Amino acid sequence: MKRSICRLPLFWKIYLPTIAGLILYNEYLIHMYHSFQWAELQCETDSCVKILLVADPQILGNTFDKKLYWPLANFDSDQHLKRTYKRVVQHTTPDVICFLGDLMDEGSVANDVQYAAYFTRFVNIFTQPTANTIM
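Pasting the structure below:
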């Protein structure tokens, strides 16, 4: 028996594409859309220095939040931070990047092994754009 999309109830024909479209928009397209609205940075002299301030990125921890979905929440949060950071760095081409606030959600209470894992995640998310960029 051959199944086709035509045999699906009308609810599923509307529901599945709507969910797929929402996921595509919220996970990918929204970053592109909002980056087009950012102002262009213009240097008026040859000696200008661009500074990017990354405030309170809060990499999610996994010690206190042991809900069933925490691995998915951490993965999604890390990907969101990585995509947003990449877009901002591409747009601004900063000379200096300063991180402000709480970098890791549970960094202050983590043991050495947990802290090393958080730091590895931090380095994977916030990569140094060029060798000349000061972080």
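First residue of the sequence shown? That's 1 in the UniProt record's numbering, and the numbers climb one at a time after it. Note that CB positions come from ideal geometry on N, CA and C, so glycine has one too. Small disclaimer: the values here were computed from a predicted structure and weren't measured.
* Asked: M32: buried (16+ other C-beta within 10 angstroms of its C-beta) or exposed?
  -> exposed
* To do: Could you tell me which residues DSSP puts in a beta bridge with F117?
  => Position check: residue 117 holds Ala in this sequence, whereas Phe was assumed. Per DSSP, none; premise fails for A117.
* To do: Go ahead and pull the three-state DSSP assignment for F99.
  => strand
* **Below-7 Å beta-carbon distance, Y33 vs any chain E residue** => Judged by its chain identifiers, the structure shown contains no chain E, having just a single protein chain.
* Would you mind stating whether residue 144 and H80 have Cβ atoms separated by less than 7 Å? => Because the chain is modelled from 1 through 135, residue 144 falls outside the range shown and cannot be assessed.
* **Beta-carbon separation (whole angstroms), V96 vs I51, contact threshold 8 Å** => 5 Å
* To do: Can you say whether D76 is buried or exposed, counting buried as having 16 or more other CB atoms within 10 angstroms of its CB?
  => exposed
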